[in-house]
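First residue of the sequence shown: 787, per my numbering; consecutive thereafter.
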Amino acid sequence: MKYRIFAAGLAVTALAFLSGCAGSVNAGKSVSIAESTASVADEVKADASKTESAKVKLDSAKVLLEEGEEEQAAALAEQSSLEYRLAVVTAERDAVKKEDERLEKDLRSDVERKLIYQSILDQETKGAK
Numbered sequence: 787m788k789y790r791i792f793a794a795g796l797a798v799t800a801l802a803f804l805s806g807c808a809g810s811v812n813a814g815k816s817v818s819i820a821e822s823t824a825s826v827a828d829e830v831k832a833d834a835s836k837t838e839s840a841k842v843k844l845d846s847a848k849v850l851l852e853e854g855e856e857e858q859a860a861a862l863a864e865q866s867s868l869e870y871r872l873a874v875v876t877a878e879r880d881a882v883k884k885e886d887e888r889l890e891k892d893l894r895s896d897v898e899r900k901l902i903y904q905s906i907l908d909q910e911t912k913g914a915k
């Protein structure tokens with residue numbers, strides 16, 4: 787799943803880079819990039835409180851695009867896309883933190899178990915002499 791998210795993020799970044807190199811404002815591409823990023827944020831179940839502002843900006847960008855305000859629409863769409871990316875990265879960071887805590891707990895219990903087995907082995911060895 788992480789590779790799919792990474793690939794989607796990489797594709798969105800590449801598309802954003804290429805659209806930025808085009809030299810002209812293309813609000814339609816910016817809106818579609820923001821929508822793609824929003825779908826990734828939904829897929830990773832990003833915190834709704836972190837995506838709320840991005841959704842509002844994306845909706846505003848769509849309205850501005852329909853009204854012909856391409857520069858403002860593109861700016862809002864790009865802000866929305868960045869906020870969605872931040873939400874995705876935050877969700878991934880939180881997931882990694884939880885996994886790290888779980889692994890540390892497992893490691894501590896393994897060390898404790900090793901000490902117990904070592905103690906039993908030492909007692910068995912002393913008893914055999």
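Using N, Cα and C, we set each Cβ at its ideal position, and we do this for glycine too.
Please report how far the alpha carbon of residue i lies from the alpha carbon of residue j, in whole angstroms.
i    : j    : result
G809 : Q858 : The pLDDT assigned to G809 is 39, lower than 50, so where the model puts this residue is not dependable; a value taken from the coordinates is nonetheless given after this. Looking at the two C-alpha atoms, the distance is approximately 16 Å.
S867 : V882 : 23 Å
E855 : K884 : 44 Å
R879 : R871 : 12 Å
E821 : A840 : 10 Å
K900 : R888 : 18 Å
V842 : L893 : 44 Å
K912 : K891 : 32 Å
E869 : S846 : 14 Å
V830 : L862 : 23 Å
E898 : L907 : 14 Å
Could you check what DSSP says for residue i in three-state terms: helix, strand or coil?
i    : result
A824 : helix
V874 : helix
D896 : helix
A832 : coil
With burial defined as no fewer than 16 other Cβ atoms inside 10 Å of the residue's Cβ, what is the status of residue i: buried or exposed?
i    : result
L844 : buried
I902 : exposed
S816 : buried
L850 : buried
E853 : exposed
A873 : buried
Hey, residue i and residue j are a contact pair by Cβ (cut 8 Å); roughly how many whole angstroms apart?
i    : j    : result
A877 : D828 : No, A877 and D828 are not in contact; Cβ-Cβ is about 11 Å, not under 8 Å.
A860 : A813 : 4 Å
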